[in-house]
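*Asks:*
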Amino acid sequence: MAESKYAQLQKTYQLELKMLEEEEENLIQDLNNMLNQKTFIEDKIKGIAKLIPTLNIITHEAQDLVNTVNEISVSSEKISGKIRALDTARSRVNECQARVSDLIDLEICSQGVQAAILDSDYEKGAAHVHRFLSMDQLLLKRTANDMDNVSNMLKSVRTLQDAASQLRAIVSHKFAEAVNTEDLVSIERFFKIFPLLGLHEEGIKEFCNYLRTKVSLTAEKNLKSAINTPPSDKRHTVIYADTLTLLYEGLARITDTHQPLLETYYGPGRLISAISILQKECDIQTKRVLLEWGKTRQLQKKIQVINDLSRMSSSSSFNKLEKIDPKDLDILIGEITLMHFRIELYFRFIQRKVINDAEVGIPNQEDRDKVLQTLENLIKNSGLTQSKHDLLSHYLRLEQYYMDESLAKAVTMDNLEPGQQTSSMVDDAFFIIRKCIRRSISTGSLDGICVIINNACRTLESDYGEILRSRLRQGYPSGYLDLTQAYNVLQTSIQQGRLQSGDTEQSRLAFLVALNNADSSIEYVDALCENVLKEIEQALPKMNINDRGKLESCLSGLSSVTTNLKDIIDYGIQQLRSSAIKPRVNPWVDQFLSISHHLTDDELSAYEAGESFVQTLIMNLETLLSSFKDILTSSNYDTFTQILTTEVTQRLEKVVMKSSFNRIRL
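Here it is as structure tokens:
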């Protein structure tokens, strides 16, 4: 045990000895490195030694600079204190001058205001009162306490206060008299005096109430003219939209005419007060016009009939209700869109006016935001906004009925011209859809546009698509197509609304026309989406990010229409595959099985010279393709060719695998 302990100690000492040796070697290496750099280090020390005098000079100069800066700082503090004292003295002098000036003006105003009132020089009297009101009332009280002759000053103050009350009563009375007598010069005269007496809001209120009476009289005259307009008049169909246009143009003209007067005498930033008062009359007159318009156009009666029709199914009671011809609604819908757009334009006008006025006259951002919030609440809670929503609701209901009924009518009147690949329902249907969407754009309402686009997607995907699919469900009868005979018979069958079970030629043509209609409809949908987006961007150039996202989401619904149409085409192509391709291709290719493929050399030479199977198959395929080339659209024909090629390849592969062949040595 002692030996193992001794061995352990020996091992430990050896490790420590080795570490010391390594440390010794490192130290020796470091010393060698330092000795090698001896010359370099000595040169550096000599260079530093030469710089020491210069550094001493710099140190002294730096100390001198610090002392100079300290002295300048002390002098600056002394000068700043003197300047502050001068500023305090100057402000006190200015305050004293202002107090003296106010006292002088106070005496002058108190002496002149009564004389001005007695002379009916209300402008001069109001100017005296305005100067008095612009004085700092607290400063006047302090001045009165500092003066020996306080009674004279207090008397002047009371005189001006009484004069201000007297002038306010006189100006209000005179303004009311001028309004009653329609004295325009006096109306404008006393309107300018109100702000001098501190009656800004009252002046705006009185003047705008006067303007309201003028607007009311003009609107009533225009409404009576609209009611008495004969049906023969070329503007009869939009006369109420013209009446609203005259109302909004009149309000806009009043705003443009009197805004400079308001800014000059009342200051900028007060247009929102005038707009708020005029908006009340706008709400009243718009409601009157729309009420008379609804009675004249029998709007509620038509909407009630449409609602009743939509609730009823194909029952006996349904037949007792007479449908409204969509053509009869066309003019009415156009008038609604025009009225809605006029309201949108008027709202944009007052928003632009108030925003510009606030930006110019209200420098404080918080106060400006309050004005803009007041404007937003004014528009949101106005009767005009409610009228706009009612118009949009009526429009959407009528437009939906117009779209559905017009599309059903286009299907009923579907017509196929000789030599055409598609029937008339495609052009008619998309003309109707495009017309409805464009008409929704003319309303200026993004929400209305999106609703109509969604309705169009629903109509195309369900109603229109189901019509195409139902025609394809009738199937494609086997056999070749005689186009001349099929066109004649199909025309009669479409007009009768059904196909006879034995009319195989027109059944084939009807099937292919429906397939072509679906393919052509895809092109219409793509063009519709592209054109509609451009037109909306032109009509609504200031859409924000949220509105643009809503529009793009709405337009993406057209992609589902395209997907549905592609599914219909696939369904039709599969029908053709099972009815027109397989029944022909299978027998043609199966002929390969009836041919012996164990050939001698002579038989092989004869077979190569005139291979009848391949030539016959090619001829049959060309005949089949030619019978569909002229009637199918290029896209459908390419798909048909692809399906035919696939079917021939797969069938030929099967028959080749079933056949046996001998091997001929060459």
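Heads up: the sequence shown runs through residues 1 to 666, numbered per UniProt numbering.
Even for Gly, the Cβ is constructed at its ideal location relative to N, Cα and C.
1. Take every Cβ of the segment 261 to 272, pair it with every Cβ of the segment 356 to 365, and state whether three or more of those distances are shorter than 8 Å.
2. Just to confirm before moving on: does the CB-CB distance between Arg-397 and Ile-306 stay below 8 Å?
3. For Ile-204, which residues of its own chain have a beta-carbon under 6 Å away from its beta-carbon, when the five flanking residues on both sides are left out?
4. State the Cα-Cα distance for the pair Arg-498 and Thr-245, rounded to the nearest angstrom.
5. Which term fits Arg-651, buried or exposed, when burial requires 16 or more other beta carbons within 10 angstroms of its beta carbon?
6. Within 10 angstroms of its Cβ, does Glu-281 collect 16 or more other Cβ (buried), or is it exposed?
7. Return the Cβ separation of Leu-468 and Ile-568 in integer angstroms, given the expectation that the two are a contact with Cβ distance under 8 Å.
8. Mind the definition here: the segment 183 to 192 touches the segment 247 to 256 only if three or more C-beta pairs lie below 8 Å; say whether that holds.
9. Give the straight-line distance between the Cα atoms of Lys-124 and Val-113, rounded to the nearest whole angstrom.
10. Within the continuous alpha helix (DSSP H) that includes Gln-300, where are the two ends?
11. Would you kindly work out how many angstroms separate the C-alpha atoms of Asp-30 and Ala-7, rounded to a whole number?
12. To the nearest angstrom, how far is the alpha carbon of Met-413 from that of Met-425?
13. State yes or no: is the C-beta of Val-561 within less than 8 Å of the C-beta of Glu-461?
14. Please work out which residues of its chain come closer than 8 Å, Cβ to Cβ, to Pro-53, disregarding the five sequence neighbours upstream and downstream, and give them in chain order.
15. Under the rule that 16 or more other beta-carbon atoms within 10 Å means buried, what is Leu-15, buried or exposed?
16. Below 8 Å between beta carbons: does that hold for Pro-326 and Glu-405?
17. Per the contact definition of three or more C-beta pairs closer than 8 Å, is the segment 430 to 450 in contact with the segment 536 to 543?
18. Mind checking whether Ser-445 and Leu-392 have CB atoms under 8 Å apart?
19. For the candidate residues Arg-368, Met-339, Asp-357, Ala-410, whose alpha-carbon lies nearest to that of Leu-384?
20. Please report the residue range of the alpha helix (DSSP H) in which Phe-640 lies.
21. Can you find the residues in the same chain that come closer than 7 Å, C-beta to C-beta, to residue 707, ignoring five residues on each side of it along the sequence?
22. Please classify Ile-437 as buried or exposed, where buried requires at least 16 neighbouring CB atoms within 10 angstroms.
23. Helix, strand or coil for Pro-541, going by three-state DSSP, please let me know.
24. By Cβ distance below 8 Å, which residues in the same chain neighbour residue 668 in space, the five residues on each side in sequence not counted?
25. With H, G and I counted as helix, E and B as strand and the rest as coil, what does DSSP make of Asn-415?
26. Are Ala-169 and Val-129 closer than 8 Å when you measure CB to CB?
27. Is the segment 583 to 595 close to the segment 524 to 534, with three or more CB pairs under 8 Å?
28. Would DSSP call Ser-254 helix, strand or coil?
29. Between Tyr-401, Pro-260, Tyr-402, Ile-333, which lies nearest to Asn-356 when the distance is taken from Cα to Cα?
30. Using DSSP with H/G/I as helix, E/B as strand and the rest coil, what is Gln-400?
31. What is the residue span of the alpha helix (DSSP H) that Lys-221 lies within?
32. Span of the alpha helix (DSSP H) holding residue 678?
33. Going by DSSP in three states, Pro-53 sits in which element: helix, strand or coil?
34. Check for me: the alpha helix (DSSP H) holding Thr-562 runs from which residue to which?
35. From Gly-549 to Asn-454, what distance separates their C-alpha atoms?
*Replies:* In short:
1. Yes, the segment 261 to 272 is in contact with the segment 356 to 365.
2. Yes. Within cutoff.
3. Answer for Ile-204: Ser-273, Ala-274, listed in chain order.
4. Confidence in Arg-498 is poor, its pLDDT being 46 and thus under 50, which makes the residue's placement unreliable; the coordinate value appears in the next sentence. Roughly 50 Å separates the two Cα atoms.
5. Buried, by the Cβ-count rule.
6. The residue is buried, with at least 16 neighbouring Cβ atoms inside 10 Å.
7. Taking a contact as a CB-CB distance under 8 Å, the pair Leu-468 and Ile-568 counts as one, their CB atoms being some 5 Å apart.
8. These segments do not touch.
9. Rounded to the nearest angstrom, the two C-alpha atoms are 7 Å apart.
10. 299 to 311 is the extent of the alpha helix (DSSP H) around Gln-300.
11. Ala-7 has its alpha-carbon roughly 35 Å from the corresponding atom of Asp-30.
12. Roughly 8 Å between the two C-alpha positions.
13. Yes. Within cutoff.
14. Its chain contains no residue whose beta carbon lies nearer than 8 Å to that of Pro-53 once the 5 sequence neighbours on both sides are disregarded.
15. The residue is exposed, with fewer than 16 neighbouring Cβ atoms inside 10 Å.
16. Yes, Cβ-Cβ distance for Pro-326 and Glu-405 is below 8 Å.
17. With three or more CB-CB distances shorter than 8 Å, the segment 536 to 543 counts as touching the segment 430 to 450.
18. With respect to the 8 Å criterion, Ser-445 and Leu-392 are classified as neighbours on the basis of their beta carbons.
19. Closest option to Leu-384, judged by alpha-carbon separation, among Arg-368, Met-339, Asp-357, Ala-410: Met-339.
20. It spans 634 to 658 - the alpha helix (DSSP H) in which Phe-640 sits, taken as one unbroken run.
21. Residue 707 lies beyond the range of the chain shown here (1 to 666); nothing can be said about it.
22. So Ile-437 ends up on the buried side.
23. Correct three-state label for Pro-541: coil.
24. One cannot answer for residue 668 here, as it falls past the ends of the chain, which runs 1 to 666.
25. If DSSP states are grouped into helix, strand and coil, Asn-415 belongs with coil.
26. No Cβ-Cβ contact shorter than 8 Å links Ala-169 with Val-129.
27. Because the criterion of three Cβ pairs below 8 Å is not met, the segment 583 to 595 and the segment 524 to 534 do not touch.
28. The sequence shown places Ile at residue 254, not Ser. Collapsing the DSSP output to three states places Ile-254 in a helix.
29. For the residues Tyr-401, Pro-260, Tyr-402, Ile-333, the minimum Cα distance to Asn-356 belongs to Pro-260.
30. DSSP, reduced to helix, strand and coil, places Gln-400 within a helical segment of the structure shown.
31. In the DSSP annotation of this structure, the continuous segment of the alpha helix (DSSP H) that includes Lys-221 starts and ends at 200 to 227.
32. The chain is shown only over 1 to 666; residue 678 falls outside these bounds and no answer can be derived.
33. Three-state result, Pro-53: helix.
34. Thr-562 -> alpha helix (DSSP H) spans 557 to 576.
35. One C-alpha to the other measures close to 15 Å.
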